[in-house]
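Asker:
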Amino acid sequence: MKKNILLSIILIVAIPFAAFAQNILKGTVKDATGPVVGAVILNQSNGKGVNTDLNGNYTIEGVNKGDKLKVSFLGYATRNIDWNGENPLTITIEEQGVELNETVVIGYGSVKKKDLTGSVGILNSKILEQQSQSQLSQSLQGAIPGLVVTRSSSMPGASASIKIRGVTTISDSSPLILVDGMAVSRIDNVAPDDVEQITVLKDAASASIYGARAASGVILITTKSAREGDVQIGYNGEMSVVKATEFADYLNDPYNYMTMFNEYKWNDAGNPAGGDYQQYSQDYINNYKSNNVLDPITYPNFDWKSNILKKQALKHSHNITLTYGNKFIKSRMSVSYDKAEALYQGSNHERLMARMRNSINFAKNWSGSVDFSLKHAVKNDPQTGSPIMAANMYPSIYAGLYPDGRVSEGKTGSNTLAALLEGGNQITGNDYITGKASLSWKPLKGFDLTGSVTPTYSFTKQKDFTKAIPYYDAYETDVLLGYVSGYTATGLTETRSDAKTLETQLIATYDKSIAKDHKINVMLGYEDYMYTYETMSASTNDMELSNYPYLDLANTNNLGVLGSSYQNSYRSFFGRLMYNYKSRYYMQLNAREDASSRFQKDYRWGLFPSTSLGWVISNESFMKNVTPVSYLKLRGSIGSLGNERIGNYPYQSSINFDKAIMYDANGQNIVSQMTGAQINYAVRDITWETTYSWDLGMDATLFDNRLSLTADYYFKKTKDMLLEAEIPTFTGFGSPEQNIGTMHTRGWEISIGWKDKIGDFTYAVNANLSDYKSVMGDMDGKMVLFSDGTIIKEGEEYRSWYGYKSNGLWQTNPTGSDAVIIATTSAGDVKYVDLSGDAGTPDGKITASYDRTTLGSSLPHYVFGGTISLGWKNFGLSVLFNGVGKQSSLVTQNMIRPFVSQWLSAPGVLLNSNGTRNYWSLYNTEEQNLNVRYPRLSYTSAEKSNYEVSDYWLMNGAYFRVKNINLSYKVPQKVIDRVGIKALRIFFNVDDAFCFDNYLKGWDPEVDPSTYIAKTFTLGVDLNF
Amino acid sequence: MKKILYILTAVMMLPLCNSCADLDLNPLSEASSGNWYSDPTELVISLNDFYRDYLWEIESGYWTDRRTDDWSQRDYIYELANGSAVSTWSYNSYWTNTYKGISRANRIQESIKELRGKYSDSELNPLLAEALFFRAYLYSRLITLYGDVPFYTGYLSIEEAFKMGRTPKDVIIKQIYEDFDYAAEYLPEENNSGSVTRVNKGAALALKARWALQFGDYATALSSSEDCIALGKYDLYPDYGELFRDKKINCETIFTIPHSASLELTSAGKPNVQSIKSYTLRTAGGTATAQPSWELLAAFDCIDGKPIDESPLFDPHDPFKNRDPRCNETFVAPGTIVYGFVFDPSPGTKKVLNVNTGIMVKNKDNKVNDQYAAYNSCCLRKGAQDDWVSTYNENPTVIMRYAEVLLIYAEAKIELNQIDATVLNAINDVRARAYGVSRAQVSEYPAVTGTDQAELRRQLRKERRVEFAWEGRRYFDLLRWGWLEKAYSHNMYGHLNQEDIKSYYTAGKWFWPEVPEIDEDGFANFAPMFEKGLIMQYGERKFDTKSYLWPIPNTDILINKNITQNNGY
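The listed protein sequences correspond, in order, to chains A and S.
Under the working numbering, the first residue of the first sequence is numbered 1, with each subsequent residue one higher.
Under the working numbering, the first residue of the second sequence is numbered 1, with each subsequent residue one higher.
#1: Inspect the CB distances between the region 442 to 456 of chain A and the region 399 to 415 of chain A and report whether three or more fall short of 8 Å.
#2: Tell me residue 642 of chain A's beta-bridge partners as DSSP assigns them.
#3: Pick out whichever of S/404, S/142, S/358, S/279 has its Cα sitting closest to the Cα of residue 460 of chain S.
#4: Would residue 481 of chain A count as contacting chain S if we go by Cβ distances under 8 Å?
#5: Just to confirm, is the Cβ distance from residue 878 of chain A to residue 858 of chain A under 8 Å?
#6: Start and end of the alpha helix (DSSP H) containing residue 240 of chain S?
#7: For residue 426 of chain A, which beta-bridge partners are listed by DSSP?
#8: Please classify residue 848 of chain A: does DSSP put it in a helix, a strand, or coil?
#9: Sort S/90, S/503, S/166, S/267 by Cα distance to residue 146 of chain S and report the nearest one.
#10: Can you find a CB in chain S that lies within less than 8 Å of the CB of residue 412 of chain A?
#11: Indicate whether at least one CB of chain S lies closer than 8 Å to the CB of residue 98 of chain A.
#12: Who are the neighbours of residue 562 of chain A on chain S, taking C-beta pairs under 7 Å?
#13: Under 7 Å Cβ to Cβ from residue 156 of chain A, same chain only, skipping five residues before and after it: list those, please.
#14: Are the region 461 to 476 of chain A and the region 423 to 437 of chain A touching, with three or more C-beta to C-beta distances below 8 Å?
#15: Which of the three DSSP states, helix, strand or coil, is assigned to residue 217 of chain S?
#16: Go ahead and label residue 927 of chain A buried or exposed: buried means 16 or more other beta carbons lie within 10 angstroms of its beta carbon, across all protein chains shown.
#17: If you count every other CB in all the chains shown that lies within 10 Å of the CB of residue 168 of chain S, and 16 or more means buried, which is it?
#18: In the DSSP output, which residue or residues are listed as bridge partners for residue 371 of chain A?
#19: Whole angstroms are fine: how far does the CA of residue 986 of chain A sit from the CA of residue 971 of chain A?
#20: Closer than 7 Å, Cβ to Cβ, to anything on chain S: give me those residues from the region 784 to 818 of chain A, in chain order.
#21: Per DSSP, residue 495 of chain A is paired with what?
#22: Counting along the chain, where does the beta strand (DSSP E) carrying residue 222 of chain A start and finish?
#23: Do residue 277 of chain S and residue 541 of chain A have their CB atoms nearer than 8 Å?
#24: Mind pulling the chain A residues with CB within less than 7 Å of residue 361 of chain S?
#25: Considering just the uninterrupted stretch of the alpha helix (DSSP H) at residue 306 of chain A, what are its terminal residues?
#26: How would you label residue 230 of chain S, buried or exposed, when you count the other beta carbons within 10 angstroms and need 16 or more for buried?
#27: Since residue 29 of chain S meets chain A, which of its residues come closer than 8 Å, beta carbon to beta carbon?
#28: For a quick check, are the C-beta atoms of residue 810 of chain A and residue 831 of chain A less than 8 Å apart?
#29: Confirm, please, whether the CB-CB distance from residue 226 of chain A to residue 641 of chain A is below 8 Å.
#30: Can you check DSSP and say which residues form a bridge with residue 323 of chain S?
#31: Relative to the C-alpha of residue 684 of chain A, which residue among A/581, A/604, A/313 is closest?
#32: Provide the residue span of the beta strand (DSSP E) that contains residue 150 of chain A, from first to last.
#33: Which value, in whole angstroms, describes the spacing of the CA atoms of residue 548 of chain A and residue 538 of chain A?
#34: Assign residue 978 of chain A to one of two classes, buried (16 or more other C-beta atoms within 10 Å of its C-beta) or exposed (fewer than that).
#35: Cβ of residue 201 of chain A within 7 Å of any heavy atom in the ligand MN?
#36: Do the CB positions of residue 352 of chain S and residue 361 of chain S come within less than 8 Å of each other?
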């Protein structure tokens, strides 16, 4: 009715004009919900254009019948109209590619994407829904430029590590994660199905409103909530099959194992003449196969892999959502459940999550909300941990089971299969509960005062039960031969930890437009936070019964108890001013002052201001006619962030308690005595680490919003870094955290997208690429060495590889004057370069002190990702890809070193595909030895020389991965209407479909040797009632 | 309206006032250094720290013996014994842990200064004495292994540490003596007034003597060992074999650290003591990974007091016959019972007796039945407890026993060329005890009689090797006597494999085909047998001149220019 009146008015107003001049066209532009303000109507025939006013009305002069009119507005599909003389003309435009108009959650508020001035990455639920990862962290890989997600496994419950714009700090580079404004410790505490939007605050200006907690960036997750008018029940169900990818080959067959083992032993015995069959005689090897047929107990040929690993594992997940909204109450509730199995027995991950969001407008100007979420997760694991290495590397000449299925000795008691089957398990349960209650009061238009309280509780319960595994004689089944190593006694450890946080906030915001053109938004806030952690554990060993994993059966002679607790807290004041003029010029000022309990009173407070500016060039009048450009914004920001994520009491030196075992006064009995010692230095003046950063960025959409482009360049300088730099080890104290050194980071990010529609066919392509380099500045000569072979050192890239330079293999035995690392170095060992010595020049020796150097970056560079999506009628197909353009990876010893633990099988890469040796050997010809890749078989050389960190073992870790392929079909409305279903979508997914790389054969460049990355095939359904 | 505003403000502020996060937080489950070390009770708790395992790793688990020619472990040679030690090796923690002990002793010393006047000297002095005892011990071990080292006795700031260089050994030795002397003066003879046994005067004297000897300071070694003997507190335990199976403090114990699998637990609740299966019989469920070496087996004299290549009593086909009794207390003689089984590595013995069940079982300790049977067909007897197969090594880590004081006394006097009857008595006391007789019963054991310095030196060195085999003394002895090169020039040998051992056995060559030659310093030479193809060479030892000192941890070199590395690392 209202609309009709409006129309009538317009008609009445328009008539007189129509009567006088036929070339003045009037009308309204509207969309599905009403008039559109600010839409552009361009007469392409004469280049004249106008904007619609506050009521969506427009007046355009000089229009002739047949002129081509173009109506465009940001976030809407452009309409081309051949004017047929209709006057007034109501033009309806359709929303399309809402990206620029969508509301983006930023710190303590939200803005439209087009009004952003900081560098913010946004991810919508769509990209998450099409994957079948139950862990949110794993779904983010490749999704947002500058967000580097690394994972090492796709085992059930495995998480991935997330870093925003790389490292800024050394202590803890994981970003702050807030779900609907509540900080969570792990991003995986959110069910991917519940996520509406993920915002990543990348630059200082965006993140600094979170002050100290934002040192490594901020990820804001908004979960889905109800809208007015919603009454909906949704169901999403998925069923997956996880298939093992090919595991690396090991030479575990009897022949290869025994002949190579003989060579290995012979080499270490100094190659005595006639010692070729050092361990296994020639006859023994030659007759092994035939002996195996006759007597498989004495001559086993046991397939560890097929006994330990399953061909496939199952995974399923279900999610039910209830949404309801009216004028007063809006509620959304969801419950998800998922369970995933690993590729080996006894390992699975089960999770139940529930989330509830309620908001009530309970009185005029008053509203409140209560949010609540719960996670209950249980992870079951066998006591062995991951048996993957055992499955691959155990030689087949040792049997895990007798032919009748009983546990056998394995390799002198080492028997991972027995441990997997009978060795007990580890159950880890975690319950995580958050609530948030808030109350808002809006006494004036544009003014909002909100107070909230957010408590979270996390309880972890772990039960570690190890069972004794006896093994008996093959024939005399009651003759006990011994116990599997590590499983000689039944023991139980129970651990209970709990953590609680309480966050309190008071925020006032004021939103005001002055004279239409000036928009101001002011926000002031206060926040404080308290974290308390407590843990205790009790353990017993040598229990008499092995079927009761409870401490009431503990052996009181073997009791251990542990407990500890710590706290930290902070308090902050913050404020923000946002201003824009005519949606062209934007400005934002932020400041936050934090105080942390980690620092001593006088060094506690830190102030972190920032500012950002934006210029929407496309809204300038001179851009009106630049038709390819739909939207163009330049933005820049500068600001600082603080970091304090270190130990809890660094300015106090604490006394550690332990115990010593001593004789009683008579020397007859043994008693346990308490001990105490100061274990670290107190650094009284330790204070904030500060990162200063600036960012220059550009957002543009072109060709009717079909092409979108975002680019950023940034620079960061981290000062007073909190580093656990090495201190002389003879101080007797551990390295304390100190404010040392600076780091400079330069980086860039670019993302580009194209989308279009041709008839029923829609397609979209998005890609992003980013890189950064962090170089250490002045460090006062100090350095940090890491056990993974990397170093933090002045002038070098952050965590560069640090090791020896190699120069092939020794082809002849080194003479006395050759520089070697150990006295036993022989032909076939890795040859290192003598770089320096005591006096600063090569000294004829290879030593760790003088001959190690930096060997380049260890971090991934040119990280990229993207999606390709195609749609035709009800069908959709999308492909997600991601990868790393450049990375130098150090292969781990398990991948290349033969006879790890002095008995496990040698890696398959040691032989060429035609069976010839790819390692240096006295049995090779000189020429063959010149072409081999791997050093000779030796224990002594392996321990202290050949597999030291050196460029010999750095390999190309770059890869391109097709991360997900998703095919979906929307069942036609006609079909489902009959059964009362609102929407039904069926889809099929393949996760981790392919990977292209040049890495070591048989290994995924992302994987850790003890785990796997598997292909997952999923069938799923999305249902809405 | 106003009312609403008040209520609103009150509601909003309520949670804030309640929680208002406190920023002055203190450790909850730990004490802080500001208020610790404030009374004798806390000092005693701090002193207890010195009895923890982290300081005694080098003395435990046969650590040093593994790096000597007394050790045989399949085909494995430890890094010091083949010149493959490097400055990034994992044993850098020994350096760090030793300094942890030193800085903690310093901290206690500083704290006691503060407490003077508040508590009586008679209460504080023994506490200080105990701290200084450990500091002296730790510095002694440090300079023996690393040479000149960074040296400090008070609080050391990070800044000072970055500038510190290595102090000459001699300066440090002065402080070591001072500390030991203070300890000897103020530690009581029986230091167990509390509920536990702590180090005492005897320990201070004995260990001062040991390290003085190691430093080549024979005069101090002599006087200090004399003082210890003069206490009259200690005696030799009558039964040599039982001595190592006795887990309690006995008359011979001077300083020892006990072990208990039920009290020493890891944070995961697992026993944190040495697992001992590597030394036990395969037939009994052990792995027989490591054994005393053939060279050690050859080092015991025959009961006539002559080396095996001179004594007519020696039979290479039964080398356990007619030997110094300590031989069969160190090695399990074939045919004897250990771990409930009869040990017999002979390739001819297919089955052995399970003593507990009376059933003959497969003999997994011969190389025909089991390829991983001890490569040299030996087995450790010393200290072996019958429950070692299923449990852990709960034998104490003996740091010092009285027999060593006697031999330190003898060695110091021999080196000073003050040879008299007391020297012979000291050696003979030790030897006679091994034979289970008194020193006077010279017909029952081969007593040492000569007074020639060189000959006595040889006798003493041989005596130390066999008396203290696998007790952590051999490595330090080799260092002191300059014998590393000699020891590491001998490779590791064992029996032939599988088919070959069968024919070797049937040809009557078992146990050894011939008598190995013993040189004047007691080193046996198996190379000729190997060259004839009669035995196997499993590992190659190698001497490197750098081996007399350990590498300074690499990071200390990298971050502090004043710290120089030991030559060769």
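Each residue gets a CB set at the ideal place from its N, CA and C atoms; glycine is no exception.
All figures in this text were calculated on a predicted structure; none of them were measured in a lab.
Answerer: Once the coordinates are examined:
#1: Per the Cβ contact rule, the region 442 to 456 of chain A is not in contact with the region 399 to 415 of chain A (fewer than 3 Cβ pairs under 8 Å).
#2: Beta-bridge pairing by DSSP links residue 642 of chain A to A/690.
#3: The candidate whose alpha carbon is nearest that of residue 460 of chain S is S/404.
#4: By this cut-off, residue 481 of chain A is an interface position.
#5: With contacts defined by Cβ atoms closer than 8 Å, residue 878 of chain A and residue 858 of chain A do not form a contacting pair.
#6: From DSSP, the alpha helix (DSSP H) with residue 240 of chain S extends over 240 to 243.
#7: Listed as beta-bridge partners of residue 426 of chain A by DSSP are A/381, A/464.
#8: DSSP places residue 848 of chain A in coil when its eight states are reduced to three.
#9: The option with the nearest alpha carbon to residue 146 of chain S is S/166.
#10: Yes, contact with chain S.
#11: Because residue 98 of chain A carries a pLDDT of 47, less than 50, the predicted location of this residue cannot be relied on, and no value is offered for it.
#12: Within 7 Å Cβ-Cβ: 267.
#13: Annotation for residue 156 of chain A: 340, 341, 342, 347, 348, 349 place their beta carbon closer than 7 Å to its own, counting only its chain and skipping 5 residues before and after.
#14: The answer is yes - the region 423 to 437 of chain A touches the region 461 to 476 of chain A, with three or more Cβ pairs under 8 Å.
#15: Coil.
#16: The Cβ neighbour count for residue 927 of chain A, taken over all protein chains shown within 10 Å, is under 16; the residue is labelled exposed.
#17: Label assigned to residue 168 of chain S: exposed.
#18: A/357, A/436.
#19: The straight-line gap from Cα to Cα measures roughly 8 Å.
#20: Only those residues of the region 784 to 818 of chain A whose C-beta falls short of 7 Å from the nearest C-beta of chain S are listed: 785.
#21: Residue 495 of chain A is bridged to A/462, A/537.
#22: Looking at the DSSP string, the run of the beta strand (DSSP E) that includes residue 222 of chain A is 218 to 223.
#23: Cβ atoms of residue 277 of chain S and residue 541 of chain A: not closer than 8 Å.
#24: For the C-beta of residue 361 of chain S, the chain A residues within less than 7 Å are, from N- to C-terminus, 479.
#25: Unbroken alpha helix (DSSP H) run through residue 306 of chain A: 304 to 308.
#26: Per the 10 Å Cβ criterion, exposed.
#27: Per Cβ cutoff of 8 Å: 563, 564, 565, 566.
#28: It is a contact, given that the beta carbons lie within the stated cut-off.
#29: No, these two residues do not count as a Cβ contact at 8 Å.
#30: When beta bridges are read from the DSSP output, residue 323 of chain S appears opposite S/302.
#31: Closest by alpha carbon: A/604.
#32: 147 to 150 is the span of the beta strand (DSSP E), which, as asked, contains residue 150 of chain A.
#33: The straight-line gap from Cα to Cα measures roughly 15 Å.
#34: By the 10 Å Cβ count, residue 978 of chain A comes out exposed.
#35: Ligands are entirely absent from the displayed structure, and the ligand MN is therefore not among its contents.
#36: Yes. Within cutoff.
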